[in-house]
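Comments concern the structure below.
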Amino acid sequence: MTKCGKFDLLLRRIKEIANSHLERDEKLRSICKLLRENFTHFNWVGFYLASGNELVLGPFEGEPT
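Encoded structure:
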């Protein structure tokens with residue numbers, strides 16, 4: 000599969016997850032897992048969420064850093 004094809008496939012899968020019935024954190028966790036499994040050179044994938052004027056660590060995959 001070409002690099003472009005891989006990205007297209009991942010984007011489709013991410014859109015499927017985003018549009019699923021899962022709760023927000025489950026969606027984010029699933030996206031992190033998908034990215035980490037497909038980009039083995041990533042040792043951590045996660046989201047930071049805005050809470051007022053602060054960023055709060057959201058769902059992630061990998062060792063806490």
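With our numbering, letter number 65 in the sequence shown gets 64, and the count goes up by one each step, no holes. Glycine included, C-beta positions come from ideal geometry on N, C-alpha and C. On a predicted model such as this, the values are computed, not experimentally measured, just so you know.
Residue i, buried or exposed, once every other Cβ within 10 Å from all chains shown has been counted against 16
i: residue 56; result: exposed
i: residue 28; result: buried
Pairwise C-alpha distance: residue j and residue i
i: residue 26; j: residue 45; result: 12 Å
i: residue 49; j: residue 1; result: 35 Å
i: residue 19; j: residue 51; result: 27 Å
Pick from the options that is closest to residue i, judged by C-alpha positions
i: residue 8; options: 21, 54, 30 and 20; result: 30
i: residue 4; options: 37, 50 and 62; result: 37
i: residue 6; options: 21, 24, 34 and 19; result: 34
i: residue 63; options: 12, 42 and 14; result: 42
Cross-strand partners of residue i (DSSP beta bridge)
i: residue 60; result: 44
i: residue 53; result: 50
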